[in-house]
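Asker: Everything in the sequence shown is counted per the numbering used here, starting at 1408 for the first residue and increasing by one. One structure, as structure tokens, below. Some questions next.
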Amino acid sequence: MDSVRSGLFGQIFKPDNFVFGQSGAGNNWAKGHYTEGAELMDSVLDMVRKEAESCDCLQGFQLTHSLGGGTGSGMGTLLISNIREEFPDRIMNTFSVMPSPKVSDTVVEPYNATLSVHQLVENTDETFCIDNEALYDIHFRTLKLPTPTYGDLNHLVSATMSGVTTCLRFPGQLNADLRKLAVNMVPFPRLHFFMPGFSPLTSRGSMQYRALTVPELTQQMFDSKNMMAACDPRQGRYLAVAAIFRGRMSMKEVDEQMFNVQNKNSSYFVDWIPHNVKTAMCDIPPRGLKMSATFIGNNTAIQELFKRISQQFTAMFRRKAFLHWYTGEGMDEVEFTQAESNLNDLVSEYQQYQEATTEELGEFEEEEEEQAAV
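Here you go:
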């Protein structure tokens, strides 16, 4: 926190808005959610209340956290549920760093992530799934940076975060706020886990020397190598997509490009949501770029990410490995089994809608109506 205060942007933050405790959660979800984190919760909520009261038109909340450790996952989800209680009609957005497939920082990551997803399914409106490994891959493959730092990874995430809220902050031809985004992106309330992407990809400190065209932006935006979550969108189908363009460009050209993408790749979009691409346009480009595009995809392939966590969770939970650290903080095994079944339900829901066709959904609705009549 001291490094943030003394850093380049330290002046931006109000000194009163720093809340800190004397101990960490020690990679333990239960410590973050029930003991250490819960002790700090009142002072954090007071600060949130003060910020909310000074807003003229409060849209919602954004939280950045990781699901592998103890504080971001345990205390983060506790904060979300408390804010949800106090501001039930505001949008809750999270940028959640998911455990990576190959790189693991923590042995108990599967426990922490499963317990967190259990909370996120119920309490958030939009969750942007970010993955350190996918970010590293973007730096190695696309940006050709051999040794990226966390600062470089954060640069990519900040570009996406900035893109999501750009229409709230700048004038544009076609605006989209957090609520419009949620309405267009979430066909079923539980399926609100998105893959973010950004184009053009540039490394920190470098400038884009060649002006990109709208077709190039669109192509790069939909490229699986650009996704910031480690799952391949080609393995699933898009339920909905949002594309937020920034810079001076023709709306007609943008609409044509989005139409072309859908037409040429129709097998990758579900056929029972006819026009499932939402477009927004903002006139002000990011600093150092002529134009850019932020991509948000609600794709059924995200289930791969949850499957991976679930398999690792089951392997450990079957042997009750490391469980005493959690029960020692007052948790019950029932919470673990509930979280596991909720995660597995989420995976099967994504699978169900991936395989669904228009005819099947019609039959399904008829059956439901018949049952209701009975």
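Don't be surprised by glycine CBs; every beta carbon is placed ideally from N, CA and C.
1) Using CA coordinates, which residue listed in 1751, 1761, 1763 and 1755 is at the minimum distance from residue 1525?
2) Can you give me the C-alpha to C-alpha distance between residue 1632 and residue 1539, rounded to a whole angstrom?
3) Can you give me the Cβ contacts of residue 1489 inside the same chain, cut-off strictly under 7 Å, excluding the 5 residues immediately before and after it?
4) May I ask you to verify whether the region 1619-1627 touches the region 1674-1689, counting CB pairs closer than 8 Å and requiring at least 3?
5) Could you tell me the boundaries of the alpha helix (DSSP H) in which residue 1603 lies?
6) Tell me whether residue 1705 sits in a helix, a strand or coil according to DSSP, three-state version.
7) According to the neighbour-count rule (16 or more other Cβ atoms, all chains shown, within 10 Å of its Cβ), is residue 1710 buried or exposed?
8) Going by other Cβ atoms of all chains shown within 10 Å of its Cβ, with 16 needed for buried, is residue 1546 buried or exposed?
9) With a threshold of 8 Å on Cβ separation, who are the neighbours of residue 1737 within its own chain once the five nearest residues in sequence on each side are excluded?
10) If residue 1504 sits next to residue 1474, beta carbons under 8 Å apart, how far is it from one beta carbon to the other, in whole angstroms?
11) Note down the Cα distance separating residue 1493 from residue 1444, rounded to an integer number of angstroms.
12) Less than 8 Å between the C-beta atoms of residue 1522 and residue 1480, yes or no?
13) How would you call residue 1606, buried or exposed, if buried means at least 16 neighbouring beta carbons within 10 angstroms?
14) Per DSSP, which residues does residue 1538 bridge with? Please list them.
15) Kindly indicate which three-state DSSP category residue 1467 falls into: helix, strand or coil?
16) Please determine if the region 1713-1723 and the region 1654-1668 are in contact, where contact requires at least 3 C-beta pairs separated by less than 8 Å.
17) If you run the structure through DSSP and keep just helix, strand and coil, what is residue 1666?
18) Pick helix, strand or coil for residue 1590, following the three-state DSSP scheme.
19) Indicate whether residue 1577 and residue 1537 have their beta-carbon atoms separated by less than 8 Å.
20) Could you tell me the distance, in whole angstroms, from the CA atom of residue 1528 to the CA atom of residue 1550?
21) Please tell me whether residue 1491 and residue 1499 are closer than 8 Å, where the distance is taken between their beta carbons.
22) Look at the alpha carbon of residue 1554 and the alpha carbon of residue 1563, and state the distance between them as a whole number of angstroms.
23) Go through its chain and collect everything with a Cβ distance to residue 1455's Cβ below 7 Å, but skip five positions before and after it.
24) List the endpoints of the continuous alpha helix (DSSP H) containing residue 1715.
25) Identify the residues that DSSP records as bridge partners of residue 1472: which are they?
26) Please list the segments of the alpha helix (DSSP H) lying wholly inside the region 1510-1566, counting only runs of 4 or more residues, in order along the chain.
27) Could you tell me whether the region 1725-1743 touches the region 1588-1600, where touching means 3 or more Cβ pairs closer than 8 Å?
Answerer: On the basis of the data shown:
1) Within the sequence shown, residue 1525 is the residue found at index 118, counting from 1. From the listed residues 1751, 1761, 1763 and 1755, the smallest Cα separation to residue 1525 is found for 1751.
2) Along the sequence shown, one-based indexing puts residue 1632 at 225. Along the sequence shown, one-based indexing puts residue 1539 at 132. Each residue's alpha carbon lies about 14 Å from the other.
3) Within the sequence shown, residue 1489 is the residue found at index 82, counting from 1. In chain order, 1448 and 1452 place their CB closer than 7 Å to the CB of residue 1489, counting only its own chain and leaving out the 5 sequence neighbours on each side.
4) With fewer than three CB-CB distances shorter than 8 Å, the region 1619-1627 does not count as touching the region 1674-1689.
5) For this step, residue 1603 is matched to residue 196 along the sequence shown. First-last for residue 1603: 1600-1606, but that is the beta strand (DSSP E), not the alpha helix (DSSP H).
6) Here residue 1705 is taken as the residue at index 298 of the sequence shown, counted from 1. Three-state DSSP puts residue 1705 in a strand.
7) Numbered from 1 along the sequence shown, position 303 holds the residue referred to as residue 1710. By the Cβ-count criterion, residue 1710 is buried, with 16 or more other Cβ atoms from all chains shown falling within 10 Å of its own Cβ.
8) What you label residue 1546 is simply residue 139 of the sequence shown in a count that begins at 1. So residue 1546 ends up on the buried side.
9) Locating residue 1737 in the sequence shown gives position 330, where the first residue counts as 1. Once the five neighbours on either side are set aside, the close Cβ partners of residue 1737 are 1437, 1441 and 1442.
10) In the sequence shown, residue 1504 corresponds to position 97, counting from 1. In the sequence shown, residue 1474 corresponds to position 67, counting from 1. In this structure, residue 1504 and residue 1474 form a Cβ contact; the two beta carbons are roughly 7 Å apart against a cut-off of 8 Å.
11) Along the sequence shown, one-based indexing puts residue 1493 at 86. Along the sequence shown, one-based indexing puts residue 1444 at 37. Roughly 18 Å between the two C-alpha positions.
12) Counted from its first residue, the sequence shown places residue 1522 at position 115. Counted from its first residue, the sequence shown places residue 1480 at position 73. It is a contact, given that the beta carbons lie within the stated cut-off.
13) Along the sequence shown, one-based indexing puts residue 1606 at 199. Under this definition residue 1606 is a buried residue.
14) Within the sequence shown, numbered from 1, the residue matching residue 1538 stands at position 131. Under DSSP, residue 1538 takes part in a beta bridge, and its partners are 1505.
15) In the sequence shown, residue 1467 corresponds to position 60, counting from 1. Three-state result, residue 1467: strand.
16) Counting C-beta pairs closer than 8 Å gives fewer than three between the region 1713-1723 and the region 1654-1668, which falls short of the contact rule.
17) One-based indexing of the sequence shown puts residue 1666 at position 259. Assignment of residue 1666 by DSSP, reduced to helix, strand and coil, places it in the helix class.
18) Indexing the sequence shown from 1 puts residue 1590 at position 183. Looking at residue 1590 - three-state DSSP - the assignment turns out to be helix.
19) For the purposes of this step, residue 1577 is identified with residue 170 of the sequence shown, where counting begins at 1. For the purposes of this step, residue 1537 is identified with residue 130 of the sequence shown, where counting begins at 1. In this structure, residue 1537 does not lie closer than 8 Å to residue 1577 by Cβ.
20) As a working note, residue 1528 is residue 121 in the sequence shown. As a working note, residue 1550 is residue 143 in the sequence shown. One C-alpha to the other measures close to 34 Å.
21) The residue given as residue 1491 occupies position 84 in the sequence shown. The residue given as residue 1499 occupies position 92 in the sequence shown. A contact, by the Cβ cut-off of 8 Å.
22) By 1-based counting over the sequence shown, the position of residue 1554 is 147. By 1-based counting over the sequence shown, the position of residue 1563 is 156. For residue 1554 and residue 1563, the distance between alpha carbons rounds to 15 Å.
23) Within the sequence shown, residue 1455 is the residue found at index 48, counting from 1. Correct list, in chain order: 1490.
24) By one-based count along the sequence shown, residue 1715 stands at place 308. Here the alpha helix (DSSP H) through residue 1715 covers 1710-1725.
25) As a working note, residue 1472 is residue 65 in the sequence shown. Secondary-structure assignment with DSSP links residue 1472 through a beta bridge to 1503.
26) The region 1510-1566 is shown to contain whole alpha helix (DSSP H) runs of 4 or more residues at 1516-1530 and 1539-1544, in chain order.
27) Taking 8 Å as the limit for Cβ pairs, the verdict is that the region 1588-1600 does not touch the region 1725-1743.
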